[in-house]
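Student:
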Amino acid sequence: MIDHSIGFKQQAYSVSDLNAYIRALLESNENLMDIWVVGEVSNFSKPRSGHIYFTLKDMDASVRCVIWRVHANRLAGAFSDGMRVEVHGYVSVYEGGGQYQLYVDGIRAVGEGRLYQEFLLLKDKLAAEGIFEENRKRPIPPEPKLIGIVTSPTAAALQDMLKSLLSRFPMVEVVLSPASVQGEAAPAEIVKALERLNKLVHPDVILIGRGGGSLEDLWAFNDEQVVRAVAASEAPVISGVGHETDFSLTDFAADMRAPTPTGAAVMAVPDISDINILLNGWNLLLEQMMVNILEQQRLKLKERKNGLDLLSPGWQIKQRMQRLDNSSLRMDYFVNRYFLQQRQQLELTEEKITSSDPRHILGRGFALVEDKDGSVITTIKRVQLGQDISVYVSDGTISADVTGVKEKE
Amino acid sequence: MAKKPVSIENLNYEQALAELEEIISNLENEPSGLERSVAMFERGKVLIQHCQKLLDSAEMKVQQLEEDGSMSPLEE
Numbered sequence: 001m002i003d004h005s006i007g008f009k010q011q012a013y014s015v016s017d018l019n020a021y022i023r024a025l026l027e028s029n030e031n032l033m034d035i036w037v038v039g040e041v042s043n044f045s046k047p048r049s050g051h052i053y054f055t056l057k058d059m060d061a062s063v064r065c066v067i068w069r070v071h072a073n074r075l076a077g078a079f080s081d082g083m084r085v086e087v088h089g090y091v092s093v094y095e096g097g098g099q100y101q102l103y104v105d106g107i108r109a110v111g112e113g114r115l116y117q118e119f120l121l122l123k124d125k126l127a128a129e130g131i132f133e134e135n136r137k138r139p140i141p142p143e144p145k146l147i148g149i150v151t152s153p154t155a156a157a158l159q160d161m162l163k164s165l166l167s168r169f170p171m172v173e174v175v176l177s178p179a180s181v182q183g184e185a186a187p188a189e190i191v192k193a194l195e196r197l198n199k200l201v202h203p204d205v206i207l208i209g210r211g212g213g214s215l216e217d218l219w220a221f222n223d224e225q226v227v228r229a230v231a232a233s234e235a236p237v238i239s240g241v242g243h244e245t246d247f248s249l250t251d252f253a254a255d256m257r258a259p260t261p262t263g264a265a266v267m268a269v270p271d272i273s274d275i276n277i278l279l280n281g282w283n284l285l286l287e288q289m290m291v292n293i294l295e296q297q298r299l300k301l302k303e304r305k306n307g308l309d310l311l312s313p314g315w316q317i318k319q320r321m322q323r324l325d326n327s328s329l330r331m332d333y334f335v336n337r338y339f340l341q342q343r344q345q346l347e348l349t350e351e352k353i354t355s356s357d358p359r360h361i362l363g364r365g366f367a368l369v370e371d372k373d374g375s376v377i378t379t380i381k382r383v384q385l386g387q388d389i390s391v392y393v394s395d396g397t398i399s400a401d402v403t404g405v406k407e408k409e
Numbered sequence: 001m002a003k004k005p006v007s008i009e010n011l012n013y014e015q016a017l018a019e020l021e022e023i024i025s026n027l028e029n030e031p032s033g034l035e036r037s038v039a040m041f042e043r044g045k046v047l048i049q050h051c052q053k054l055l056d057s058a059e060m061k062v063q064q065l066e067e068d069g070s071m072s073p074l075e076e
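Read top to bottom, the protein sequences are chains Y and D. According to our numbering, the stretch in the first sequence is residues 1 to 409, in order. According to our numbering, the stretch in the second sequence is residues 1 to 76, in order.
#1: Judging by CA-CA distance, which residue of R364(Y), I206(Y), R64(Y), G183(Y) is the nearest neighbour of L194(Y)?
#2: Return no unless some Cβ of chain Y is closer than 8 angstroms to the Cβ of K53(D).
#3: Are any of the Cβ atoms in chain D nearer than 8 angstroms to that of N283(Y)?
#4: Taking Cβ-Cβ distances below 7 angstroms as the criterion, which residues of the segment 286-311 of chain Y are in contact with chain D?
#5: DSSP puts E59(D) in a beta bridge; with which residues?
#6: Can you determine whether any heavy atom of the ligand GTP sits closer than 7 angstroms to the C-beta of G148(Y), and answer yes or no?
#7: With 8 angstroms as the threshold, decide whether the Cβ of L11(D) is near any Cβ in chain Y.
#8: How many angstroms separate the CA atom of L41(Y) from the CA atom of A72(Y)?
#9: Taking one C-beta from the segment 164-181 of chain Y and one from the segment 61-71 of chain D each time, how about it: are there three or more such pairs within less than 8 angstroms?
#10: What does Q198(Y) reach in chain D if we use C-beta pairs closer than 9 angstroms?
#11: Assuming G209(Y) contacts A157(Y) (C-beta within less than 8 angstroms), just tell me the rounded distance between them.
#12: Closer than 6 angstroms by C-beta to K46(Y): which residues in its own chain qualify, once you throw out the five before and the five after it? Chain order, please.
#13: From the beta carbon of A58(D), is the nearest beta carbon of chain Y less than 8 angstroms away?
#14: Using only the alpha-carbon positions, how far apart do A20(Y) and Q11(Y) sit?
#15: Using only the alpha-carbon positions, how far apart do L165(Y) and I67(Y) sit?
#16: For K45(D) and chain Y, any beta-carbon pair shorter than 8 angstroms?
#17: Give the DSSP-derived three-state secondary structure of K123(Y) in the structure shown.
#18: In three-state DSSP terms, what is S177(Y)?
#19: Please state the DSSP three-state secondary structure of T378(Y).
#20: Nearest by alpha-carbon distance to E234(Y): which of E244(Y), T260(Y), I275(Y), V191(Y) is it?
#21: Short of 9 angstroms Cβ to Cβ, which residues in the segment 159-184 of chain Y face chain D?
#22: What does H88(Y) pair with, by DSSP beta-bridge criteria?
#23: Figure out for me which residue from K300(Y), E86(Y), P139(Y), G50(Y) has the closest Cα to the Cα of L34(D).
#24: State yes or no: is the beta carbon of A2(D) nearer than 8 angstroms to at least one beta carbon in chain Y?
#25: So which residues on chain D does I272(Y) lean against when the C-beta distance must stay under 7 angstroms?
#26: Do you know offhand how far S375(Y)'s Cα is from A400(Y)'s?
#27: Is V63(Y) close to chain D, meaning its C-beta is less than 8 angstroms from at least one C-beta of that chain?
#28: Can you tell me the Cα-Cα spacing of L47(D) and M267(Y), whole angstroms?
#29: From what residue to what residue does the alpha helix (DSSP H) around R69(Y) run?
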């Protein structure tokens with residue numbers, strides 16, 4: 001029976017149209033686009049497609065949830081059946097089944113959202129007090145002798161730290177100040193362990209930390225009292241809480257933040273192999289220095305020896321002998337020169353004398369005429385006819401009479 | 001550097017390293033007599049050996065601080 005009061009005016013929609021319409025309606029609702037929902041996980045399945053399907057439920061209701069493959073690998077490890085979680089995503093419709101679903105792109109442990117809000121508030125408060133200021137941070141001593149550790153004696157983090165310290169710098173002494181690192185009692189225990197170390201042991205540096213875990217597991221390191229105790233620690237503190245990506249307020253307050261407990265140990269001490277390299281370098285340096293010093297001494301010795309030689313009698317005698325040699329040489333020279341000069345002078349004079357000797361001229365064919373008295377006849381006026389004259393030539397004397405006189409025309 | 005009659009065997013790693021640094025800076029900066037330089041050099045060599053020996057033979061000492069302030073060796 002058809003109720004005709006509805007009438008025939010309206011055209012019927014197809015199921016597809018209906019579901020598409022509902023889908024558009026839900027997807028355009030701002031409250032459903034970006035929503036966190038808390039519930040317990042059940043019917044978890046991850047078929048070949050790579051997508052994840054599960055049901056989120058509470059006491060009275062349930063909703064189908066889907067995680068597309070793009071997010072599935074990242075989120076798959078974070079939860080399993082029976083867990084209470086908070087999931088993030090948007091609401092839409094699976095048109096094929098006419099079923100609305102939650103399309104999930106993020107999952108967190110229950111309470112994490114609230115914890116995160118608290119974390120941000122406390123961080124702002126402590127930052128305003130200046131607890132995280134860079135200029136409060138103290139330098140870590142390069143080679144600590146005594147290291148304090150605050151962590152759980154049963155934690156893997158302790159073994160990680162000890163292993164790293166032992167392999168890098170076994171000269172160090174370590175004191176563990178035990179404290180639980182998760183749970184209700186953890187913050188108070190950590191504060192006490194820090195105080196005990198500072199008061200009784202006075203270590204050069206304190207390592208504080210624990211291994212990775214959920215935000216809740218790491219929460220003790222965001223506790224206000226713990227953060228204040230770290231900032232107030234007498235010894236500088238290196239924190240290594242959780243994994244590389246985990247940041248705690250203790251990290252911000254510590255003098256140095258390491259990504260992990262092992263990282264904290266690495267930062268606390270130098271590496272023995274670096275020290276060995278340094279020692280070998282010093283060994284070489286020392287030897288080079290010694291070579292230089294010996295070389296300098298050798299040079300100095302040589303200089304001294306030269307100086308000493310100048311003063312020795314033997315050298316003095318040698319010096320004098322040489323001077324003497326020099327004098328005698330010089331004398332010889334002067335004497336020789338004198339004689340040479342004299343000889344030359346003599347030769348010169350001799351030549352002069354020789355050239356002025358009349359007999360020298362006779363040798364060239366001239367003759368010298370003298371009268372009886374030995375006076376040289378140089379003009380016809382000095383002779384008379386019949387007078388005896390002597391004619392000298394180069395090799396003898398000719399006696400002659402004057403038989404004629406003729407004046408030059 | 002004052003003459004240190006301390007036997008090297010009794011020096012711990014830090015003391016040996018500190019003295020080694022002192023010797024090197026002395027040799028580097030202050031000209032001293034040959035005999036003293038040689039003595040410093042020889043002591044430096046022994047100090048280096050001593051440091052290396054300490055590094056090689058060092059055994060990390062680990063203790064646990066109890067709540068009452070007493071110390072006990074930590075069982076690993």
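C-beta: ideal position from N, C-alpha, C; glycine also.
Tutor: From the atom records:
#1: It is I206(Y) whose Cα lies nearest to the Cα of L194(Y).
#2: No, its Cβ sits nowhere closer than 8 angstroms to a Cβ of chain Y.
#3: Closer than 8 angstroms: yes.
#4: For the segment 286-311 of chain Y, which is checked against every Cβ of chain D, the residues closer than 7 angstroms are L286, M289, M290, I293, Q297.
#5: The partner list for E59(D) (beta bridge, DSSP) is empty, contrary to what the question assumes.
#6: This structure lacks the ligand GTP; in fact it carries no ligand of any kind.
#7: No, its Cβ sits nowhere closer than 8 angstroms to a Cβ of chain Y.
#8: Here residue 41(Y) is Val; the residue named in the question, Leu, does not match the sequence. If you take the alpha carbons of V41(Y) and A72(Y), they lie about 15 angstroms apart.
#9: Output reads yes: the segment 61-71 of chain D touches the segment 164-181 of chain Y.
#10: The residue you asked about is not Gln; residue 198(Y) is Asn in the sequence shown. Within chain D, no residue comes near N198(Y); the closest Cβ sits about 11 angstroms away, beyond 9 angstroms.
#11: The pair is a contact, with the Cβ atoms about 6 angstroms apart (cut-off 8 angstroms).
#12: Once the five neighbours on either side are set aside, the close Cβ partners of K46(Y) are I52.
#13: Yes - at least one Cβ of chain Y is within 8 angstroms of the one on A58(D).
#14: Roughly 17 angstroms between the two C-alpha positions.
#15: Cα to Cα, L165(Y) sits roughly 44 angstroms from I67(Y).
#16: Closer than 8 angstroms: yes.
#17: Three-state result, K123(Y): helix.
#18: Residue state, collapsed to three classes: strand.
#19: DSSP, reduced to helix, strand and coil, places T378(Y) outside both helices and strands of the structure shown, so it counts as coil.
#20: Considering only alpha carbons, the answer is V191(Y).
#21: Here the close residues are Q159, L162, L165, L166, F169, P170, M171, V172, E173, V174, V175, L176, S177, P178.
#22: Bridge partners of H88(Y) according to DSSP: W36(Y), G106(Y).
#23: Across the set K300(Y), E86(Y), P139(Y), G50(Y), the C-alpha of K300(Y) shows the shortest separation from the C-alpha of L34(D).
#24: Low local confidence applies: a pLDDT of 48 at A2(D) is under 50, so the model's placement there is unreliable, with the coordinate-based value given in what follows. With 8 angstroms as the cut-off, A2(D) does not count as an interface residue toward chain Y.
#25: Residues of chain D passing the Cβ test: L55.
#26: Cα to Cα, S375(Y) sits roughly 15 angstroms from A400(Y).
#27: V63(Y) does not count as touching chain D.
#28: About 27 angstroms.
#29: Boundaries of the alpha helix (DSSP H) around R69(Y): 69-75.
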